[in-house]
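Under mature numbering (1 follows the signal peptide of the UniProt record, and there is no 0), residues -17 to -1, 1 to 115 are what the sequence shown spells out, in order.
Ideal Cβ positions, reconstructed from N, Cα and C, are used throughout, including at glycine.
Report on one structure; see the data block that follows.
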Amino acid sequence: MKKLLTLIILSTTIAQADAIIKSAPAAIIQKIKHPEKAMEPAEAKAILREMQQQSTDEDKIKVLKAGVKDKGINMDQLLTLLNQFNTDDSKIEAAKFAFPYTTNYKSFLRICDIFSREEYKDALEDFYKKNK
């Protein structure tokens, strides 16, 4: 009787988990499709110039998001843009946003070198492991 009850509970749990997985948005289940081609160097320089004209990290993030959205960016371009931020909070926010747009994402952890505090490096490594 105990085994039968355990079996019933187990099959109910599996059915519920299956329903949750099927109803989950595709973005959660599917792997990120990174672009194959990065933006032209002139486009990256234009974003850089616009960021340099901003006085706050918040405004720089807006510029980066608008400039990178729907375009590919390579790690060298991204590192140059991330170095415009004053705080590690802004750098990690921008890096996480830009990750799906990176063309050579396997070298994404090169970004860790720009952080001054270890907890930001750890947070970026955790983010990468969950999203690669």
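Does DSSP put residue i in a helix, in a strand, or in coil?
| i | result |
| --- | --- |
| Tyr111 | helix |
| His17 | coil |
| Thr85 | strand |
| Ala7 | Any reading at Ala7 must be qualified, since the residue scores a pLDDT of 49, below 50, and its modelled position is unreliable; the value itself is stated next. Three-state result, Ala7: coil. |
| Arg100 | coil |
Classify residue i: buried if its beta carbon has 16 or more other beta carbons within 10 angstroms, exposed otherwise.
| i | result |
| --- | --- |
| Gln35 | exposed |
| Lys113 | exposed |
| Lys43 | buried |
| Ala21 | buried |
| Ala81 | buried |
Between the options, which lies nearest to residue i when the distance is taken from Cα to Cα?
| i | options | result |
| --- | --- | --- |
| Lys28 | Asp59, Thr85, Asp96 | Asp59 |
| Ile97 | Arg32, Asp71, Gln37, Lys43 | Asp71 |
| Lys45 | Ser73, Glu23, Glu26 | Ser73 |
| Ala49 | Tyr88, Lys112, Cys95, Tyr84 | Tyr84 |
| Ile15 | Lys89, Ile94, Asp40 | Lys89 |
| Glu23 | Ala106, Lys52, Asn57, Phe91 | Asn57 |
| Tyr111 | Glu101, Ala78, Arg100, Ser99 | Ala78 |
| Thr39 | Phe80, Thr86, Asn69 | Asn69 |
| Leu65 | Asn87, Arg93, Asp53, Thr86 | Arg93 |
| Pro18 | Gln67, Arg32, Phe82, Thr86 | Thr86 |
| Arg32 | Thr63, Ser99, Ile75 | Thr63 |
Mind listing, in chain order, the continuous alpha helix (DSSP H) runs of no fewer than 4 residues lying wholly within the segment 11 to 81? Whole alpha helix (DSSP H) segments, 4+ residues: 24 to 35, 40 to 51, 58 to 65, 71 to 81.
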